[in-house]
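With UniProt numbering, the residue at position 412 of the sequence shown is 412, and numbering never jumps. Ideal Cβ placement from N, Cα and C applies to all residues, glycine included. Since the model is a prediction, treat every value here as computed from it, not as a measurement. Working notes, structure below.
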Amino acid sequence: MDQTSRWMLMILCDRREAFSSLLFLVTFHVLFYSSIGATETLTFKPIKLNCSSDSFGKDDTTRTSLEALFSSLRSKALRSNSGKEATGSGPGTIYGCFLCQRDLSYDDCRTCIHMAATKLLQSCSSSRRGAIWMDYCRLLCSDRNIHGVTDVNGFSSASLHGETNSMKPIEKVSKPPKAANYLRRLMDAPQPTASGDGGDGKKSSSGAMPIMISILAVVLVGTSLYCIYCWRWRKRNAIRRAQIENLRPLSSSDLPLMDLSTIQAATGNFSEENRLGEGGFGPVYRGVLGGGIEVAIKRLSARSRQGAVEFRNEVELIAKLQHRNLVRLLGFCAGKDEKLLIYEYLPNRSLDSYLFDPSKRCQLDWKKRHQIIAGIARGLLYLHEDSLLKVIHRDLKASNVLLDNKMNPKISDFGMAKIFEGEENEVNTGRVVGTL
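Below, the structure written as structure tokens:
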């Protein structure tokens, strides 16, 4: 995890008010924009309007009859999504019918019919026949009985794309019987869009509600999972901070606590070019401190949980053990998620790189081999007999014996060491001192 990610987690997880604000903003945006979408759906825009070319004449009271007809149809729309009505008597009778989309509420149906009727009154008040297509409803009126029409061929959504003044569809539905069948056929066809193109049409506000609920449920589940993640992240961070604080009392003039920035500069920000190898709990890097001092830096793996205890134990142990045949600890670093041990740098690496390399093996003549064996023995004798703490290494092998520039051996890695206190001759080996 990079520094930016850690910074964001600290803001969002360590501060409850920030997390609460985030939850509020997400929920508000979901509900706000969903409601906007639902509101925009119910615009009731007219898509197509047809009026017949023949009229009643200037002396007719057609407008009054149409107003009465549309008022009656609006009342029916409060109880049903379809209906028919007639006003007048004899030759002056005017017939009308309407149909709303099936998922439209009665209130919205009435509103749609009201707007359709208003538009027809404005444009077709003197015409003998008129029809209007809205987003969610259809309205027809005629001086002929259209309450029994069955011949609806040619009167579908495709009719909307013909000439504006064409009244062929109106002529067809003016023949008996059952105009309601025509309207239902029309509503089941693909709904034309506001631009006049055929399509699936728009959904009503009742269809938007399940979408809003689904989105809100997803947001709440996601927020809950995020809250759990933040809680676990804070818990792990608290453990790490406690471990680092436990290490600070170890710092002294003999074993300094170094800054992480100093170590990063010394190793080229832990570049692969400076990588020497892999230790028990993480990689080892070569670094150069101020003044040209070469060091070997053992880096605890950030993902390792068991390394924190071993890290403290190695710092405590090696700080008390000083011998020419033991690797010297120069300092340590404990900051953020990093735990580092800084050792003296031994250019000849480990003994196994000579013993098992055919080209380097010849450099170890018997004199040097005897020198190395004697040095290892002195280091072990110091650990067993002469040190303040009696230490049993338990993991001594060629890779844990390092060589300086004069091929002098130095024992390293007390990861499996055991401490005998006082005059003990045996000890419970379940307590591992441990290092990286």
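Between the alpha carbons of I170 and S214, how many angstroms are there, rounded?
Indexing the sequence shown from 1 puts residue 170 at position 170. Indexing the sequence shown from 1 puts residue 214 at position 214. For I170, the pLDDT reaches just 43, beneath the cut-off of 50, and the residue's location in the model is therefore unreliable, leaving the point undetermined.
In whole angstroms, what separates the C-alpha of R236 from that of E278?
Position 236 of the sequence shown, counted from the first residue, corresponds to residue 236. Position 278 of the sequence shown, counted from the first residue, corresponds to residue 278. Cα to Cα, the separation comes out at about 25 Å.
When the distance is taken between beta carbons, is C97 closer than 8 Å to L140?
Position 140 of the sequence shown holds residue 140. Position 97 of the sequence shown holds residue 97. Yes.
Give me the DSSP bridge partner(s) of T87.
In the sequence shown, the residue the question calls residue 87 occupies position 87. I94, per the DSSP bridge assignment.
Excluding the 5 residues preceding and the 5 following N274 in the sequence, name in chain order all residues of the same chain whose CB lies nearer than 6 Å to its CB.
To locate residue 274, count along the sequence shown from 1; it is residue 274. The answer, listed in chain order, is T267, G268, Y285, R286.
I want to know whether the segment 322-338 touches the segment 364-372 - three or more CB-CB distances under 8 Å.
Touching, no.
Are the CB atoms of I113 and L73 nearer to each other than 8 Å?
On the sequence shown, position 113 is the one that residue 113 refers to. On the sequence shown, position 73 is the one that residue 73 refers to. For I113 and L73, yes; Cβs fall inside 8 Å.
How about L329 and V295: do their beta carbons lie closer than 8 Å?
Counting from one through the sequence shown, the residue named residue 329 turns up at place 329. Counting from one through the sequence shown, the residue named residue 295 turns up at place 295. Taking 8 Å as the Cβ cut-off, L329 and V295 do not qualify as a contacting pair.
Indicate whether L346 and Y354 have their beta-carbon atoms separated by less than 8 Å.
As a working mapping, residue 346 is identified with position 346 in the sequence shown. As a working mapping, residue 354 is identified with position 354 in the sequence shown. Contact: no.
Which residue from F270, I263, L42 puts its Cα closest to that of residue 438?
Not covered by the structure: residue 438. The range shown for the chain is 1 to 436.
By alpha-carbon positions, which one of S387, L340, G292 ends up nearest to L326?
Walking along the sequence shown from the start, residue 326 turns up at place 326. When only C-alpha atoms are compared, the closest one is S387.
Return the first residue and the last residue of the alpha helix (DSSP H) that C112 is part of.
What you label residue 112 is simply residue 112 of the sequence shown in a count that begins at 1. Element bounds for C112: 106-124.
Measure the C-alpha to C-alpha separation of C137 and V218 and round it to an integer number of angstroms.
Walking along the sequence shown from the start, residue 137 turns up at place 137. Walking along the sequence shown from the start, residue 218 turns up at place 218. Each residue's alpha carbon lies about 34 Å from the other.
Buried or exposed for N405, going by 16 or more other Cβ atoms inside 10 Å?
In the sequence shown, residue 405 corresponds to position 405, counting from 1. Flag for N405 reads exposed.
Would you grab the beta carbon distance between S412 and L403 for me? Rounded to a whole angstrom, and I think it's under 8 Å.
Taking the first residue of the sequence shown as 1, we reach residue 412 at position 412. Taking the first residue of the sequence shown as 1, we reach residue 403 at position 403. About 11 Å separates the two Cβ atoms, so there is no contact after all.
How would you write the range of the alpha helix (DSSP H) that S127 sits in, first residue to last?
The sequence position of residue 127 within the sequence shown is 127, counting from 1. It is not in any alpha helix (DSSP H) - S127 carries neither H nor E in the DSSP assignment.
Compute the Euclidean distance between the alpha carbons of E163 and G130, then round it to the nearest angstrom.
Within the sequence shown, the letter at position 163 stands for residue 163. Within the sequence shown, the letter at position 130 stands for residue 130. Confidence in E163 is poor, its pLDDT being 36 and thus under 50, which makes the residue's placement unreliable; the coordinate value appears in the next sentence. Rounded to the nearest angstrom, the two C-alpha atoms are 14 Å apart.
How is N400 classed by DSSP in three states: helix, strand or coil?
Within the sequence shown, the letter at position 400 stands for residue 400. DSSP places N400 in helix when its eight states are reduced to three.
Which of the three DSSP states is assigned to I215 in this structure?
Start at 1 with the first residue of the sequence shown, and residue 215 comes out as number 215. Note: I215 maps to helix in three-state DSSP.
Is it the case that the Cβ atoms of G375 and N408 are separated by a distance below 8 Å?
As a position in the sequence shown, residue 375 is number 375, starting the count at 1. As a position in the sequence shown, residue 408 is number 408, starting the count at 1. Result yes, Cβ atoms of G375 and N408 sit closer than 8 Å.
Give the DSSP bridge partners of W133, in chain order.
Locating residue 133 in the sequence shown gives position 133, where the first residue counts as 1. W133 pairs with K48, R138.
Less than 6 Å between C-beta atoms, sequence neighbours within five positions excluded: which residues of the same chain meet that for L321?
Here residue 321 corresponds to residue number 321 of the sequence shown, with the count starting at 1. S387.
Please say whether D352 and A319 have beta carbons closer to each other than 8 Å?
Indexing the sequence shown from 1 puts residue 319 at position 319. Indexing the sequence shown from 1 puts residue 352 at position 352. Cβ atoms of A319 and D352: not closer than 8 Å.
Go ahead and pull the three-state DSSP assignment for Y343.
Residue 343 sits at position 343 when you count from the first residue of the sequence shown. Y343: strand per DSSP, three-state reduction.
Can you give me the start and stop residues for the alpha helix (DSSP H) that L355 sits inside?
Here residue 355 corresponds to residue number 355 of the sequence shown, with the count starting at 1. Run containing L355: 352-355, per the alpha helix (DSSP H) assignment.
DSSP on L289, reduced to helix/strand/coil?
In the sequence shown, counting from the first residue as 1, residue 289 sits at position 289. L289: coil per DSSP, three-state reduction.
I need the DSSP call for L69, collapsed to helix, strand or coil.
Start at 1 with the first residue of the sequence shown, and residue 69 comes out as number 69. Correct three-state label for L69: helix.
According to DSSP, is P256 part of a helix, a strand, or is it coil?
Looking up residue 256 in the sequence shown gives position 256. Of the three classes helix, strand and coil, the one that applies to P256 here is coil, per DSSP.
Would you grab the beta carbon distance between S55 and S126 for me? Rounded to a whole angstrom, and I think it's under 8 Å.
Within the sequence shown, residue 55 is the residue found at index 55, counting from 1. Within the sequence shown, residue 126 is the residue found at index 126, counting from 1. S55 to S126, Cβ: 4 Å. Contact.
Decide if C227 is buried, meaning its Cβ has at least 16 other Cβ atoms within 10 Å, or exposed.
Here residue 227 is taken as the residue at index 227 of the sequence shown, counted from 1. Exposed is the call here.
For E385, is the classification buried or exposed, using 16 other Cβ atoms within 10 angstroms of its Cβ as the cut-off for buried?
The residue labelled residue 385 in the question sits at position 385 within the sequence shown. With fewer than 16 other Cβ atoms within 10 Å, it is exposed.
Could you give the DSSP three-state label for S53: helix, strand or coil?
In the sequence shown, the residue the question calls residue 53 occupies position 53. In the structure shown, S53 adopts coil according to DSSP, grouped into three states.
Mark W133 as exposed unless 16 or more other C-beta atoms lie within 10 angstroms of its C-beta, in which case mark it buried.
One-based indexing of the sequence shown puts residue 133 at position 133. It counts as buried.
Looking at the strands, I want to know which residues DSSP matches up with D82.
As a position in the sequence shown, residue 82 is number 82, starting the count at 1. One point to set straight first is that residue 82 is Ser, not Asp, in the sequence displayed. L99.
Do I297 and L340 have their C-beta atoms within less than 8 Å of each other?
By one-based count along the sequence shown, residue 297 stands at place 297. By one-based count along the sequence shown, residue 340 stands at place 340. Less than 8 Å divides the Cβ of I297 from the Cβ of L340.
With DSSP as the reference, label G282 as helix, strand or coil.
Here the question's residue 282 lines up with position 282 in the sequence shown. In this structure, G282 counts as coil in the three-state DSSP scheme.
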